[in-house]
Amino acid sequence: MMNLIRNKIKKIFKQLLPYSISMEELKFIDKNRTKWTNTNNDIGILIEGFVDSPTSVVEKARLAKAAEEVLKLKSIVMTRSLYNSSSNVKAVYESFCINKSLNYWQGYLNPLIIAKAINVTFHIFKNIKKGDDLVGFKLNDIIIGDLIYDTLIRFIPNTYTVDNIEFKKHFRLIFRAAFTFHMNDKILEKYNIQVVVTSHNVYAEYGLLCRQAHKNGALILLKDMDVYKCYDKNKNVNQHFLKISMQEFNKSLNDDTIYEKANDYYQSRLEGDIDQVDVKNAYKDKVIYRKDDLIQPQEQDNKNIFVMAHAFSDAPHVGEGLLFRDYYDWLVQTLIFLNKVDGINCFVKSHPSSYMWGEKGVVENIIDSYSLENVKVLPANLNTKSIYDLADCIVTAKGTAGLEFSCAGIPAIIAGKGYYSGFRVAIESESVDDYFINLSKTNSIHKLDDNTKRKARILLFKTFTNLYHSKVLPKVQIRPGDDYHLLYRSKYQELSENIDNGFEMKDEFYHMVKKELKNINEK
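For the sequence shown, position 200 matches number 200 in the UniProt record's numbering, and the numbering has no gaps at all.
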């Protein structure tokens, strides 16, 4: 706790000093500024400038410039700063001729915004006592409680669930969310924002702006790592950013060429040859376990049920719904239930990338705390491929495992609406009661048919190849758990080298975004 306070004080103190720009940033700025022109149009594009990793800054700037060209609007960027020279991203955005900026933290000096935020904060503490009740909390007819909830478990160390709302523990983050809501309101009132460009639509700091602006009729352009999604006025802004359109999926179903590519892609995932951190953590350099290694002779006639845990801190309410309070609550209730089901062997696997979120030993603690003698924790070094030869069914809240194992004909029971919900590749439940009924049938569950396997493989392929990584960008992005400050300058160096090597800022992806925006604008 003391370290957390010290880091906060350090961060505030840094805001009182001008940002010292590095040679690597200056070099990139010098090369990049020749690629862009200014516009004298009215402000109508708002950029979330809070995520300051070089790749994110460049991608958001490029999306904004594409929107400027099509919609004849000017961009303004919100930065985490008290004044212009304290921002570490302002000069980089200016190299894109995005010269207008808002020092977001100046809102803390506005007594009206602070008063409104305090009012909302005390309303929450007075009227909401339980975490379950917070999730559905609305402000100005916009659900914001789920975003606040996910913020609490993401930014309070070792907090994976919220049973009770506690003033001392939760005040700072709830107040900050309320401040963010009213600061966003002020900005959206001042400018006629038609487009919001962001890196995320989760957590209060990012998700609130998306929902508030979308309610006002704005388009949301999201670029998270290599995933791009446009939420137009008719699209559900809460839809999972990985979800492809049903139309695109149906077009691919009977295409044998796509199916062959989908099979190749699926096999590459199983070998850990896909350049995605979760895939490598699950399949690369791990140990294959056999049936006899994990299952006693007297248990070998039972059905084998594998519960695939999530990274508990990683935005459990992303997408369009979760039947439980959060991923931790889901796992506890699922394991307690399966512990009592006859005729099954129940295994649980920690998420392969949970270490990136600072999560250690959480699954083991659940097993011990609830005395779940019939649930076995899989070894940390187990290659996920081992499960394919053993599993009769897997269980996940809404993780990618549900889609991956469906590709092999192994049924997946899920407890939420993720990016593959609605495609009929997993066993979905409309309520908690339905979910437990489905779990109770795991001792007599059957494999999926070939048609469902085909659908699952095509959906997996279309979802994870629907990515956009321009050659001008750094090859590898900074990820949770990386040494951010060590890598930050090197990424700007790499960007400069890529420009020198002839890679374009206005590339195929840039023109694709322009084309999409033009089509939307002409409707």
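Ideal Cβ positions, reconstructed from N, Cα and C, are used throughout, including at glycine.
Only a predicted model underlies this, so the values are computations on that prediction, with no experimental measurement involved.
Check your understanding: How big is the Cα-Cα spacing for VAL287 and GLN247?
Key -> On the sequence shown, position 287 is the one that residue 287 refers to. On the sequence shown, position 247 is the one that residue 247 refers to. Distance between the alpha carbons of VAL287 and GLN247 is about 40 Å.
Practice item. Report yes if the C-beta distance between THR396 and ILE414 is below 8 Å; otherwise report no. Key: Numbered from its first residue, the sequence shown carries residue 396 at position 396. Numbered from its first residue, the sequence shown carries residue 414 at position 414. Yes, Cβ-Cβ distance for THR396 and ILE414 is below 8 Å.
Exercise for review: For ALA380, count neighbouring Cβ atoms within 10 angstroms of its own Cβ and tell me buried if that reaches 16, exposed if not.
Suggested key: To locate residue 380, count along the sequence shown from 1; it is residue 380. Its Cβ having fewer than 16 others within 10 Å, ALA380 is exposed.
Check your understanding: For the beta strand (DSSP E) that contains LEU188, what are its first and last residues?
Key -> Here residue 188 refers to the residue found at position 188 when the sequence shown is read from its first residue. Per DSSP, LEU188 belongs to no beta strand (DSSP E); it is in the alpha helix (DSSP H), 167-190.
Point to revise | Counted within 10 angstroms of its Cβ, other Cβ atoms place GLN212 as buried (16 or more) or exposed | key: Here the question's residue 212 lines up with position 212 in the sequence shown. The residue is buried, with at least 16 neighbouring Cβ atoms inside 10 Å.
**Study point:** Beta-bridge partners of ALA412, as assigned by DSSP
**Key:** The residue given as residue 412 occupies position 412 in the sequence shown. Its beta-bridge partners are ILE394.
Exercise for review: Could you tell me the distance, in whole angstroms, from the CA atom of ALA204 to the CA atom of PRO474?
Suggested key: Your numbering for residue 204 matches position 204 in the sequence shown. Your numbering for residue 474 matches position 474 in the sequence shown. ALA204 and PRO474 have their alpha carbons spaced roughly 28 Å apart.
Point to revise | Per-residue DSSP class, three states only, for LEU517 | key: Position 517 of the sequence shown, counted from the start, is the residue given in the question as residue 517. Of the three classes helix, strand and coil, the one that applies to LEU517 here is helix, per DSSP.
Exercise for review: Hey, could you find the ends of the beta strand (DSSP E) GLY44 is sitting in?
Suggested key: The count along the sequence shown starts at 1 and reaches residue 44 at position 44. Taken as a continuous stretch (DSSP letters only), the beta strand (DSSP E) holding GLY44 covers 43-48.
Exercise for review: Rounded to whole angstroms, what's the CA-CA distance from ILE427 to GLU404? Just pull it up for me.
Suggested key: The count along the sequence shown starts at 1 and reaches residue 427 at position 427. The count along the sequence shown starts at 1 and reaches residue 404 at position 404. Roughly 14 Å between the two C-alpha positions.
Practice item. Evaluate contact between the region 81-98 and the region 16-36, counting only Cβ atoms and requiring at least three cross-stretch pairs below 8 Å. Key: Between the region 81-98 and the region 16-36, the count of C-beta pairs closer than 8 Å reaches three or more; the two stretches touch.
**Study point:** Check whether LEU222 and THR257 have beta carbons under 8 Å apart
**Key:** Here residue 222 refers to the residue found at position 222 of the sequence shown. Here residue 257 refers to the residue found at position 257 of the sequence shown. Going by C-beta atoms, LEU222 is not nearer than 8 Å to THR257.
Check your understanding: Once you ignore the five residues that flank CYS393 on each side, which residues in its own chain have a CB closer than 6 Å to its CB?
Key -> Residue numbering aside, residue 393 sits at position 393 when the sequence shown is read from its first letter. Answer for CYS393: ILE305, PRO411, THR442, ILE445, listed in chain order.
Check your understanding: Which residue or residues does DSSP assign as beta-bridge partners of PHE464?
Key -> Along the sequence shown, one-based indexing puts residue 464 at 464. Looking at the DSSP assignment, PHE464 forms no beta bridge with any residue, so it has no partner.
Check your understanding: In whole angstroms, what separates the C-alpha of ASP326 from that of LEU270?
Key -> Translated into positions along the sequence shown, residue 326 becomes position 326. Translated into positions along the sequence shown, residue 270 becomes position 270. Those two C-alpha atoms are separated by around 28 Å.
Point to revise | For PHE347: DSSP bridge partner residues | key: As a position in the sequence shown, residue 347 is number 347, starting the count at 1. According to DSSP, PHE347 bridges with PHE306, LYS376.
Check your understanding: Would the beta-carbon of LEU335 fall within 8 Å of that of LEU372?
Key -> Position 335 of the sequence shown, counted from the first residue, corresponds to residue 335. Position 372 of the sequence shown, counted from the first residue, corresponds to residue 372. One thing to note: LEU335 has its Cβ within 8 Å of the Cβ of LEU372.
Exercise for review: State the start and end residues of the unbroken beta strand (DSSP E) segment that holds VAL196.
Suggested key: Reading the sequence shown from its first residue, position 196 is the one you call residue 196. For VAL196, the enclosing beta strand (DSSP E) stretches over residues 195-198.
Review point. Pick from ASP482, LEU487, SER470, PRO480: whose alpha carbon is nearest that of GLU59?
Key: Within the sequence shown, residue 59 is the residue found at index 59, counting from 1. It is SER470 whose Cα lies nearest to the Cα of GLU59.
Check your understanding: Taking just the CA atoms, how far does ALA218 sit from LYS100?
Key -> Within the sequence shown, numbered from 1, the residue matching residue 100 stands at position 100. Within the sequence shown, numbered from 1, the residue matching residue 218 stands at position 218. Roughly 19 Å between the two C-alpha positions.
Check your understanding: Relative to the alpha-carbon of ASP285, which residue among LYS291, VAL277, ASP292 has its alpha-carbon at the smallest distance?
Key -> The count along the sequence shown starts at 1 and reaches residue 285 at position 285. It is VAL277 whose Cα lies nearest to the Cα of ASP285.
**Study point:** Bridge partners - VAL57, DSSP secondary structure assignment
**Key:** For the purposes of this step, residue 57 is taken as the residue at position 57 of the sequence shown. Per DSSP, none; premise fails for VAL57.
Check your understanding: Contact between the region 352-359 and the region 478-487: three or more CB pairs below 8 Å?
Key -> yes
Review point. Any idea what DSSP makes of ASP433, helix, strand or coil?
Key: Here residue 433 refers to the residue found at position 433 when the sequence shown is read from its first residue. Helix.
Point to revise | Per-residue burial, PHE423 [other beta carbons within 10 Å of its own, 16 or more giving buried] | key: Within the sequence shown, the letter at position 423 stands for residue 423. With 16 or more other Cβ atoms within 10 Å, it is buried.
Point to revise | Cβ-based burial, MET512 [other Cβ within 10 Å; buried from 16] | key: Locating residue 512 in the sequence shown gives position 512, counting from the first residue. Counting Cβ neighbours within 10 Å, MET512 comes out exposed, since fewer than 16 surround it.
Exercise for review: Count the other C-beta atoms from every protein chain shown that fall within 10 angstroms of the C-beta of THR465, then say buried if there are 16 or more, exposed otherwise.
Suggested key: Here residue 465 is taken as the residue at index 465 of the sequence shown, counted from 1. Burial call: exposed.
Check your understanding: Under 8 Å between the Cβ atoms of TYR492 and PRO54?
Key -> Along the sequence shown, read from residue 1 onward, the residue named residue 492 stands at position 492. Along the sequence shown, read from residue 1 onward, the residue named residue 54 stands at position 54. Yes, the pair counts as a contact, with Cβ atoms nearer than the cut-off.
Review point. Are GLU359 and PHE324 closer than 8 Å when you measure CB to CB?
Key: The sequence position of residue 359 within the sequence shown is 359, counting from 1. The sequence position of residue 324 within the sequence shown is 324, counting from 1. No. Outside cutoff.
Review point. Are the CB atoms of SER429 and PHE28 nearer to each other than 8 Å?
Key: Translated into the one-based positions of the sequence shown, residue 429 becomes position 429. Translated into the one-based positions of the sequence shown, residue 28 becomes position 28. For SER429 and PHE28, no; Cβs fall outside 8 Å.
Check your understanding: Name the DSSP bridge partner or partners of THR79?
Key -> Stepping through the sequence shown from its first residue, residue 79 is reached at position 79. Bridge partners of THR79: ASN103.
Review point. So, using beta-carbon positions, are ASN191 and LEU46 closer together than 8 Å?
Key: Taking the sequence shown and counting its residues from 1, the one referred to as residue 191 is at position 191. Taking the sequence shown and counting its residues from 1, the one referred to as residue 46 is at position 46. Position check: residue 191 holds Tyr in this sequence, whereas Asn was assumed. Yes, the Cβ-Cβ distance between TYR191 and LEU46 is below 8 Å.
Practice item. Return yes when the Cβ of ILE156 is within less than 8 Å of the Cβ of LYS169, no when it is not. Key: Indexing the sequence shown from 1 puts residue 169 at position 169. Indexing the sequence shown from 1 puts residue 156 at position 156. For LYS169 and ILE156, yes; Cβs fall inside 8 Å.
Point to revise | Cβ neighbours of ASP264 in the same chain (closer than 8 Å, five flanking residues each side left out) | key: Mapped onto the sequence shown, residue 264 falls at position 264. There are no such residues.
Review point. Since residue 568 contacts TYR283 with CB under 8 Å, what's their CB separation in whole angstroms?
Key: Any answer about residue 568 is impossible in this case: the structure gives the chain only from 1 up to 523.
Review point. TYR488 CB to nearest chain B CB: under 8 Å?
Key: Looking at the structure shown, chain B is missing, and only one protein chain is on hand.
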